[in-house]
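Number of protein chains: 4
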Amino acid sequence: MIRIGLLGAGRIGQVHARAVASVPMAKLIAVADTFTKNAQLVQDQYGCDIRTIDQILLSDDIDGVIICTPTDTHADLIESFAQAGKAIFCEKPVDLDIFRVKACLTIVQEENATLMVGFNRRYDPDFQALRASIDAGQIGEVEMVTIISRDPAAPPDEYIKRSGGIFRDMMIHDFDVARWMLGEEVNSVQATASVLTDPKFGKYDDFDSANAVLTTASGKHCTITNSRRASFGYDQRIEVHGSEGCVSAENHHQSRITVATTHGYTRPPLLDFFMNRYIAAYAAEIEHFVDCISSGTQPRTGGHDGLMSLALAEAALESVRTGSAVDPKDMLPNTK
Amino acid sequence: MIRIGLLGAGRIGQVHARAVASVPMAKLIAVADTFTKNAQLVQDQYGCDIRTIDQILLSDDIDGVIICTPTDTHADLIESFAQAGKAIFCEKPVDLDIFRVKACLTIVQEENATLMVGFNRRYDPDFQALRASIDAGQIGEVEMVTIISRDPAAPPDEYIKRSGGIFRDMMIHDFDVARWMLGEEVNSVQATASVLTDPKFGKYDDFDSANAVLTTASGKHCTITNSRRASFGYDQRIEVHGSEGCVSAENHHQSRITVATTHGYTRPPLLDFFMNRYIAAYAAEIEHFVDCISSGTQPRTGGHDGLMSLALAEAALESVRTGSAVDPKDMLPNTK
Amino acid sequence: MIRIGLLGAGRIGQVHARAVASVPMAKLIAVADTFTKNAQLVQDQYGCDIRTIDQILLSDDIDGVIICTPTDTHADLIESFAQAGKAIFCEKPVDLDIFRVKACLTIVQEENATLMVGFNRRYDPDFQALRASIDAGQIGEVEMVTIISRDPAAPPDEYIKRSGGIFRDMMIHDFDVARWMLGEEVNSVQATASVLTDPKFGKYDDFDSANAVLTTASGKHCTITNSRRASFGYDQRIEVHGSEGCVSAENHHQSRITVATTHGYTRPPLLDFFMNRYIAAYAAEIEHFVDCISSGTQPRTGGHDGLMSLALAEAALESVRTGSAVDPKDMLPNTK
Amino acid sequence: MIRIGLLGAGRIGQVHARAVASVPMAKLIAVADTFTKNAQLVQDQYGCDIRTIDQILLSDDIDGVIICTPTDTHADLIESFAQAGKAIFCEKPVDLDIFRVKACLTIVQEENATLMVGFNRRYDPDFQALRASIDAGQIGEVEMVTIISRDPAAPPDEYIKRSGGIFRDMMIHDFDVARWMLGEEVNSVQATASVLTDPKFGKYDDFDSANAVLTTASGKHCTITNSRRASFGYDQRIEVHGSEGCVSAENHHQSRITVATTHGYTRPPLLDFFMNRYIAAYAAEIEHFVDCISSGTQPRTGGHDGLMSLALAEAALESVRTGSAVDPKDMLPNTK
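Protein chains in written order, with my numbering: chain A, 17 to 352; chain B, 17 to 352; chain C, 17 to 352; chain D, 17 to 352.
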């Protein structure tokens with residue numbers, strides 16, 4: 017039985033608590049949250065202890081922790097728990113500052129700790145089926161990837177301010193998917209961004225609409241399109257074109273019905289909340305984390321993936337600023 | 017060059033005139049219509065002669081005729097032109113009276129005439145692709161056929177009165193498709209019918225909504241569903257389930273766009289007129305007629321098909337009246 | 017907290033145990049199974065007691081039971097637990113003998129017991145969305161219903177022998193859906209059936225391919241198509257045509273990807289197991305049962321629904337035997 | 017009656033000849049081709065004269081010409097026929113050299129001639145329905161356009177050599193569609209390109225895989241993806257995302273059937289030849305040309321559109337060379 021501690025019991029923390037409960041091999045032992053109400057809620061539903069983060073750090077009956085606290089605490093917590101010998105699952109990003117991320121990963125490496133970064137899309141059953149189709153050779157060699165990713169609506173202003181901007185907060189997921197699908201590191205990023213849906217994004221020095229084109233050494237391309245607004249729901253599409261075919265994954269509608277009337281044939285809008293859309297992915301993600309602890313293997317999405325996606329985000333921002341293509345390796349601390 | 021005479025230049029006659037013009041090997045020589053305006057229209061567009069039906073009957077420069085006159089003239093015209101040695105394409109039905117059909121076909125046979133009956137759906141490219149998939153063995157042995165066929169709206173009252181009713185006028189097309197797809201004669205028909213869309217159908221002793229289940233000697237089934245009203249357009253679907261798979265043909269929408277909004281994902285309604293929906297089928301049908309004249313071969317849809325479909329319609333009507341399954345062979349004149 | 021006892025911990029019993037665990041307001045208190053291993057499995061996973069059925073009958077700490085024992089024990093257990101004042105969820109059918117069902121329901125009524133019959137499809141989210149669209153008036157008045165329902169493969173021989181045949185075992189689900197969608201009782205059933213997929217069905221006096229056409233007093237129709245074999249998975253479709261439109265529910269594919277190659281555009285086959293296909297329906301069904309106990313309301317699918325669906329199955333069988341339309345009311349014990 | 021002369025009777029010339037024949041208001045008077053066999057073919061099918069280009073230039077009975085000769089003759093012919101007072105339809109491009117195009121358009125303007133450039137996609141019924149949906153306000157303000165355009169297979173080597181490269185030959189169509197959909201001129205182009213499908217493209221200093229991101233002054237984006245190879249057919253997709261929704265146009269499959277087997281649900285590949293895919297567009301295009309001559313109005317796609325699309329192609333090439341964003345206005349002769 018793998019024994020889990022949950023740090024942070026807000027919205028995403030509760031999703032992970034439920035996921036832990038659904039994994040037969042895992043047990044939620046303790047939860048910590050400065051908001052007692054959140055901690056209480058998790059205790060009521062899953063019967064675990066309430067402890068402080070420091071208590072969990074010292075607990076002998078905890079094998080791994082799930083970090084769902086605010087972003088600016090991630091790196092510190094990762095370092096502490098790595099040094100305490102616990103396995104760590106951390107929601108992305110490790111930090112918004114790539115130098116801080118690099119420093120943190122150095123400690124993780126020194127401690128030989130297990131660190132998994134929460135790139136939930138890699139655990140989505142449809143996207144896994146898509147990747148499996150590529151691995152099975154059904155489309156030949158990967159050539160061009162198209163990712164379209166749109167949020168139903170803008171996040172709250174408080175969130176936008178601290179998010180790090182559309183590239184570090186939103187497109188970072190697509191950068192990770194791009195790396196997964198391309199199967200090769202990116203050496204050039206061109207990006208454009210603008211404010212189209214709401215002037216407030218400009219006020220926070222951010223954008224709401226962005227495109228990036230990634231290129232690898234062998235000439236493979238990936239096009240990413242992001243928007244902070246989609247009236248029809250949470251738009252999440254991947255298409256991979258290869259030498260012998262093309263594989264794509266369809267969006268998730270609210271139900272599978274179609275109503276035909278004099279106005280046409282209408283299917284419902286898309287699921288409009290990321291937790292509903294990725295409910296299966298969140299469960300699979302935590303199951304993978306538990307498996308990694310149990311078997312002593314490294315997670316499929318580790319610190320390096322967090323670092324490289326952040327480097328792509330930095331490169332995209334730099335490209336928007338300069339109008340020129342940028343090599344993401346030039347954004348990495350150690351190459352400067 | 018195959019030289020064609022057109023008898024009747026109304027709506028469907030004009031469709032066939034255009035089809036003749038599009039077949040390189042054919043030429044429209046003459047048109048006959050008691051409404052001079054109709055004949056004039058065809059002459060203006062295709063540069064053919066205007067003649068009377070009797071003149072066309074005696075014309076040496078006509079190889080075949082296309083009969084688009086009112087239904088109650090079909091059988092007489094077929095007989096005359098068969099005796100005159102012309103190839104004949106006749107819109108369905110040969111006649112609403114199965115005894116008259118039988119008598120007419122006997123003369124056609126005696127004269128060894130070429131008679132093609134206008135079951136346009138057999139010439140639809142999608143339905144041909146569907147049948148080709150079966151012939152290629154993609155679904156194994158045919159087991160169960162599902163046909164759904166709905167008109168956008170009721171025909172005019174005058175039409176309904178003389179149509180022979182929903183089974184002889186509308187479902188007759190589906191009976192022909194059923195025979196084509198089953199590849200085996202039907203020996204049992206169960207049918208139900210009711211008036212749901214407009215009470216006027218009851219006034220004319222007709223129905224607007226009907227189902228039939230056909231069974232063959234080897235136990236294959238076909239289910240047919242008809243309605244005289246579909247708000248979303250001209251609904252024309254065929255699905256064939258076999259031992260190793262299932263093949264179906266999708267409807268034709270007005271365009272291929274999809275509009276996604278907060279209300280959902282909407283595709284346009286279906287084409288709502290049979291001539292638009294089956295435009296390619298009408299062209300292919302006439303091309304086949306011309307090919308048959310040119311090569312001296314028998315058409316894929318001949319008098320026998322017209323007779324058997326009418327027998328199925330009679331059996332369905334009898335089943336509605338009695339509530340019992342009826343063998344269509346018992347409806348054929350020669351078996352009584 | 018609603019306290020549940022589980023009678024029978026086989027395949028479907030385990031599905032229901034998991035469903036109980038996922039309902040916050042419910043708790044699985046005890047399980048009974050003559051196969052100790054099955055009971056043990058449930059105990060291990062959900063931490064409940066193992067008791068005998070008789071012990072559960074006498075338990076003060078049980079509010080309701082879920083009956084997943086063999087069909088021939090259903091009616092007796094329902095009667096006992098109704099008399100013991102427990103709420104009852106019973107997998108369909110109550111019994112294969114309509115007289116036995118009637119007698120059992122009389123006792124349920126006398127005891128004023130809560131009886132829910134497991135027609136899982138009524139709880140499927142897609143089918144509920146479909147029904148909600150009708151209730152919202154989106155397609156106007158219901159006119160014609162089309163249900164296509166095909167199993168991936170034949171059940172084991174032992175199962176076939178005791179199943180009561182395709183109409184009582186398989187199409188009974190479709191009869192229930194038909195009643196739900198028509199919103200009006202059926203007064204005429206026409207059915208045909210044959211053996212097409214495997215001669216063994218004939219050996220057991222059963223069929224593997226069947227159609228039924230149901231008609232209501234107001235002339236609404238429902239066409240049902242069943243097959244015991246579908247190479248492409250578990251085929252479960254409903255389409256309802258109304259005066260102002262048509263609503264349909266799509267099948268569940270194994271994933272949402274499409275692979276395009278030189279051979280075409282391919283989506284994966286359908287889910288091929290009823291428990292995967294209806295996993296959400298099973299959870300919602302048990303949640304509804306718990307809600308009914310908690311609020312003292314009658315379930316949406318009760319004993320009457322079980323009885324009427326069985327009457328439709330009997331009528332269909334009689335129609336196959338006689339070739340004539342049969343009124344299902346004539347199959348009900350009290351009307352004879 | 018509008019009287020047409022056809023210059024060049026090769027593959028695309030024959031398509032246009034057929035289109036002229038299908039327009040009631042137009043008549044093909046003469047054809048010119050240095051390959052007598054091509055001219056003969058058109059004469060045989062449509063009964064027109066065979067003349068030389070010079071004869072057509074001097075013909076009083078010709079109102080307009082359709083130029084389908086090799087690209088390097090286009091500009092000269094446009095100038096001559098403009099000076100001769102004939103209306104001109106010219107296949108794209110006017111010329112591969114933007115200075116030559118500019119000079120030619122100056123003469124067209126001086127002569128006040130009617131010049132239509134063959135951007136066939138603007139006349140495709142599906143793309144017109146898409147644009148009409150935008151015009152009807154269904155998706156609100158246009159924000160982001162996605163165009164995916166892939167050829168089934170590489171053109172012949174001879175063609176590649178003289179084509180002007182993937183941006184001037186292939187993506188130029190997408191640039192025109194982008195301008196049409198954005199409804200605003202582009203002021204920044206970022207592009208990437210590589211050789212992935214066949215090394216021969218590199219040999220000719222060309223690419224087979226390319227992306228471009230276009231941005232307008234108001235911050236609207238368009239992403240274009242091109243490949244010279246798609247195993248599944250001729251891939252032609254447009255999607256426009258707006259403030260209130262998204263509209264897209266689906267590809268054209270070879271037929272509308274779906275075959276479901278144990279391997280999945282398969283639709284046929286796409287049409288794999290541009291003339292089949294755009295058959296309706298070619299007909300509508302010529303109909304528009306005839307309408308313009310008849311009514312004395314300017315065509316929807318004129319010389320300016322040809323020039324601006326070529327400027328976008330030049331900007332894309334420059335961006336590939338430099339890795340930086342390029343303003344297409346800087347590519348225009350008059351702005352240098």
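For glycine and all other residues, C-beta sits at the position ideal for the given N, C-alpha and C. Computed from a prediction, not measured in an experiment: that's the story for all the values here.
inquiry  = Please state whether the Cβ-Cβ distance between Ala194/D and Leu230/D is less than 8 Å.
reply    = For the purposes of this step, residue 194/D is identified with residue 178 of the fourth sequence, where counting begins at 1. For the purposes of this step, residue 230/D is identified with residue 214 of the fourth sequence, where counting begins at 1. Taking C-beta atoms as the reference points, Ala194/D and Leu230/D count as a pair closer than 8 Å.
key: Tyr298/D: first and last residue of the uninterrupted beta strand (DSSP E) it sits in   = What you label residue 298/D is simply residue 282 of the fourth sequence in a count that begins at 1. Residue range 295-311 is occupied by the alpha helix (DSSP H) that includes Tyr298/D, with no beta strand (DSSP E) assigned at that position.
task = Let me know if Lys219/C comes out buried or exposed under the rule of 16 or more other beta-carbons within 10 Å of its beta-carbon.
result = Along the third sequence, one-based indexing puts residue 219/C at 203. Exposed.
key: Pick from Ala37/C, Val202/C, Glu126/C that is closest to Asp346/C, judged by C-alpha positions   = On the third sequence, residue 346/C is found 330 positions in, with the first residue counted as 1. Taking only the C-alpha atoms, the option nearest Asp346/C is Val202/C.
request  = Work out the CA separation of Ser247/C and Arg34/A for me, nearest whole Å.
outcome  = In the first sequence, residue 34/A corresponds to position 18, counting from 1. In the third sequence, residue 247/C corresponds to position 231, counting from 1. Going by the C-alpha atoms only, they are around 36 Å apart.
query = If you pair each beta-carbon of the stretch 324-340 of chain A with each one of the stretch 63-71 of chain B, do three or more pairs fall below 8 Å?
reply = No, the stretch 324-340 of chain A does not touch the stretch 63-71 of chain B.
ask   = From this set, Pro344/C, Ala327/C, Val39/C, Ile20/C, which residue's C-alpha is nearest Asp185/C's C-alpha?
value = One-based indexing of the third sequence puts residue 185/C at position 169. Ranked by Cα distance from Asp185/C, the first of Pro344/C, Ala327/C, Val39/C, Ile20/C is Ala327/C.
inquiry  = Just verifying my parser: in three-state terms, what is the DSSP assignment at Ile72/A?
reply    = As a first step, residue 72/A must be located in the first sequence, where it is residue number 56. Helix.
ask   = If you count every other CB in all the chains shown that lies within 10 Å of the CB of Asp251/D, and 16 or more means buried, which is it?
value = The count along the fourth sequence starts at 1 and reaches residue 251/D at position 235. Classification of Asp251/D: buried, given that the 10 Å Cβ count is 16 or more.
message = Ser335/D and Val161/D - do their beta-carbons sit closer together than 8 Å?
response = What you label residue 161/D is simply residue 145 of the fourth sequence in a count that begins at 1. What you label residue 335/D is simply residue 319 of the fourth sequence in a count that begins at 1. Not in contact: Val161/D and Ser335/D (Cβ atoms no closer than 8 Å).
request  = Closer than 9 Å, Cβ to Cβ, to anything on chain B: give me those residues from the stretch 58-74 of chain D, in chain order.
outcome  = Correct list: Gln61.
request  = State yes or no: is the beta carbon of Arg12/B nearer than 8 Å to at least one beta carbon in chain D?
outcome  = Residue 12/B lies beyond the stretch modelled for chain B, which goes from 17 to 352, so this question has no answer here.
task = With a floor of 4 residues, list each alpha helix (DSSP H) that falls wholly inside the stretch 104-169 of chain D, ordered by position along the chain.
result = Those alpha helix (DSSP H) runs which fall completely within the stretch 104-169 of chain D and span 4+ residues are 114-126, 141-151.
ask   = Between the C-alpha atoms of Gly153/A and His279/C, what's the straight-line distance to the nearest angstrom?
value = What you label residue 153/A is simply residue 137 of the first sequence in a count that begins at 1. What you label residue 279/C is simply residue 263 of the third sequence in a count that begins at 1. C-alpha of Gly153/A to C-alpha of His279/C: approximately 14 Å in a straight line.
ask   = Just the Cα atoms here: how many angstroms apart are Ile176/B and Val31/B?
value = Here the question's residue 176/B lines up with position 160 in the second sequence. Here the question's residue 31/B lines up with position 15 in the second sequence. Rounded to the nearest whole angstrom, the C-alpha separation of Ile176/B and Val31/B is 22 Å.
query = With distances taken from CA atoms, which of Val36/B, Ala37/B, Val47/B, Ile182/B is nearest Ala25/B?
reply = Residue 25/B sits at position 9 when you count from the first residue of the second sequence. Of the candidates Val36/B, Ala37/B, Val47/B, Ile182/B, the one whose C-alpha sits nearest the C-alpha of Ala25/B is Val47/B.
inquiry  = Does chain C have any CB closer than 8 Å to the CB of His304/D?
reply    = As a first step, residue 304/D is located in the fourth sequence; it is residue number 288 there, counting from the start. Not an interface residue.
query = Taking only beta-carbon atoms, is Thr241/B less than 8 Å away from chain D?
reply = Your numbering for residue 241/B matches position 225 in the second sequence. At a cut-off of 8 Å between beta carbons, Thr241/B makes no contact with chain D.
message = Taking its Cβ as the centre, do 16 or more other Cβ atoms sit within 10 Å of Leu93/D, making it buried, or is it exposed?
response = Translated into positions along the fourth sequence, residue 93/D becomes position 77. Here Leu93/D is buried. Its C-beta has 16 or more other C-beta atoms within 10 Å.
request  = Name the two residues that bound the continuous alpha helix (DSSP H) containing His320/D.
outcome  = Residue mapping note: residue 320/D aligns to position 304 of the fourth sequence, counting from 1. Looking at the DSSP string, the run of the alpha helix (DSSP H) that includes His320/D is 319-338.
ask   = Does the beta-carbon of Leu348/C have 16 or more other beta-carbons within 10 angstroms, so that it is buried, or is it exposed?
value = Taking the first residue of the third sequence as 1, we reach residue 348/C at position 332. When all chains shown are included, Leu348/C counts as buried.
Counterpart residues of Ala42/C in DSSP-defined beta bridges = As a working note, residue 42/C is residue 26 in the third sequence. Under DSSP, Ala42/C forms a beta bridge with Ile18/C.
query = Per DSSP, what kind of secondary structure is Ala90/C in: helix, strand or coil?
reply = Here the question's residue 90/C lines up with position 74 in the third sequence. The amino acid at residue 90/C is misidentified as Ala; the sequence shows His. Correct three-state label for His90/C: helix.
ask   = Can you name the residues that DSSP bridges to Glu255/A?
value = Within the first sequence, residue 255/A is the residue found at index 239, counting from 1. Bridge partners of Glu255/A: Thr162/A, Ser264/A.
ask   = In whole angstroms, what is the alpha-carbon distance linking Gly318/C and Glu159/B?
value = The count along the third sequence starts at 1 and reaches residue 318/C at position 302. The count along the second sequence starts at 1 and reaches residue 159/B at position 143. The C-alpha of Glu159/B is placed about 35 Å away from the C-alpha of Gly318/C.
task = Ignore the nearest five residues each way along the sequence and tell me which others in Ala297/B's own chain have a CB closer than 7 Å to its CB.
result = Start at 1 with the first residue of the second sequence, and residue 297/B comes out as number 281. Spatial neighbours of Ala297/B in its own chain (CB-CB distance under 7 Å, excluding positions within 5 residues in sequence) are listed in chain order as Asn136, Arg137, Tyr139, Asp140.
Against chain B: residues of the stretch 128-148 of chain D by CB proximity under 7 Å = Near chain B, meaning a CB-to-CB distance below 7 Å, the residues of the stretch 128-148 of chain D are Pro141, Asp142, Ala145, Leu146.
Runs of alpha helix (DSSP H) wholly within the stretch 173-214 of chain A (minimum 4 residues, chain order) = Fully contained in the stretch 173-214 of chain A are the following alpha helix (DSSP H) runs of length 4 or more, in chain order: 173-178, 182-185, 187-198.
ask   = Going by Cα to Cα distance, which pick from Gly199/C, Gly181/C, Pro171/C is closest to Ile150/C?
value = Counting from one through the third sequence, the residue named residue 150/C turns up at place 134. Minimum Cα distance to Ile150/C is reached at Gly199/C.
request  = For Gly261/D, go through chain B and note every residue whose CB falls closer than 7 Å to its CB, in chain order.
outcome  = Taking the first residue of the fourth sequence as position 1, residue 261/D is located at position 245. Those within 7 Å of Gly261/D in chain B are Val275, Ala276, Thr277.
request  = Measure how close the beta-carbons of Glu188/D and Cys238/D come, nearest whole angstrom, since I'm counting them as under 8 Å.
outcome  = Locating residue 188/D in the fourth sequence gives position 172, where the first residue counts as 1. Locating residue 238/D in the fourth sequence gives position 222, where the first residue counts as 1. Sequence check: residue 188/D is Ile here, not Glu. Actually they do not touch by this definition, with Cβ atoms about 14 Å apart.
query = Is it true that the stretch 297-309 of chain C meets the stretch 115-133 of chain C, where meeting means three or more beta-carbon pairs spaced less than 8 Å apart?
reply = Touching, yes.
key: Residue-level contact to chain A via CB, Arg253/B, 8 Å cutoff   = Position 237 of the second sequence, counted from the start, is the residue given in the question as residue 253/B. Taking 8 Å as the CB threshold, Arg253/B stays off the interface with chain A.
ask   = At what residues does the beta strand (DSSP E) containing Thr241/C begin and finish?
value = What you label residue 241/C is simply residue 225 of the third sequence in a count that begins at 1. First-last of the beta strand (DSSP E) with Thr241/C: 237-243.
message = In whole angstroms, give me the CA-to-CA distance for Ala332/D and Ala207/D.
response = Residue numbering aside, residue 332/D sits at position 316 when the fourth sequence is read from its first letter. Residue numbering aside, residue 207/D sits at position 191 when the fourth sequence is read from its first letter. If you take the alpha carbons of Ala332/D and Ala207/D, they lie about 5 Å apart.
task = Kindly indicate which three-state DSSP category Tyr62/C falls into: helix, strand or coil?
result = Position 46 of the third sequence, counting from 1, holds the residue named residue 62/C. The answer is helix: DSSP assigns Tyr62/C an H, G or I state.
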